[in-house]
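Asks:
In full-length UniProt numbering, the protein residues as written are 1 to 163.
Structure, rendered in structure tokens:
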């Protein structure tokens with residue numbers, strides 16, 4: 001009995017704008033078929049049909065980050081020591097080496113505060129200053145005392161003899 005195969009759409013039809021979703025779906029299906037063909041001897045039907053996202057490990061040492069159970073010290077078991085050295089070099093190779101700093105953290109902090117701190121303090125000072133202080137600065141008064149004891153002019157009653 002011949003197997004029924006899906007009719008395939010031409011590349012010209014799939015390149016049309018309204019067929020983009022279908023094109024993505026067809027591409028995904030072909031990629032899945034290729035991966036199944038590559039790993040067909042390793043993947044069984046149970047793995048294909050299962051909905052489980054869990055991997056069962058026979059030991060919890062991988063999860064806990066434990067080292068292997070066999071250890072050797074001072075040349076007692078050279079094969080084990082060689083394996084441990086290989087694992088150690090592999091881990092170091094995978095780790096990205098930290099680049100040396102050209103400027104220390106203290107120098108960066110000093111430079112930042114030398115350049116930015118005056119601007120920050122002046123902006124915060126503007127936030128809490130009064131209109132009188134701002135006008136005084138604009139007029140060029142260079143008083144360091146923003147709140148001097150100036151007597152505020154008040155309305156006075158006219159004297160009866162001033163008529």
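The beta-carbon is built from N, C-alpha and C at its ideal position, and this holds for glycine as well.
1) If you draw a straight line from the C-alpha of residue 123 to the C-alpha of residue 111, how long is it?
2) Kindly give me the distance between the Cβ atoms of residue 80 and residue 70, rounded to whole angstroms, as I take these residues to be in contact under 8 Å.
3) How would you call residue 1, buried or exposed, if buried means at least 16 neighbouring beta carbons within 10 angstroms?
4) To the nearest angstrom, report how far apart residue 24 and residue 97 are at their CA atoms.
5) Going by DSSP in three states, residue 130 sits in which element: helix, strand or coil?
Replies: Here's the rundown:
1) As a first step, residue 123 is located in the chain shown; it is residue number 123 there, counting from the start. As a first step, residue 111 is located in the chain shown; it is residue number 111 there, counting from the start. Roughly 19 Å separates the two Cα atoms.
2) Reading the chain shown from its first residue, position 80 is the one you call residue 80. Reading the chain shown from its first residue, position 70 is the one you call residue 70. At roughly 5 Å, the Cβ-Cβ gap stays under 8 Å, so residue 80 and residue 70 are in contact.
3) On the chain shown, residue 1 is found 1 positions in, with the first residue counted as 1. Note that residue 1 scores a pLDDT of 49, beneath 50, so its modelled location is shaky; the value from the coordinates is reported in the next line. The residue is exposed, with fewer than 16 neighbouring Cβ atoms inside 10 Å.
4) Walking along the chain shown from the start, residue 24 turns up at place 24. Walking along the chain shown from the start, residue 97 turns up at place 97. The alpha-carbon atoms of residue 24 and residue 97 are separated by roughly 40 Å.
5) Position 130 of the chain shown, counted from the first residue, corresponds to residue 130. Residue state, collapsed to three classes: coil.
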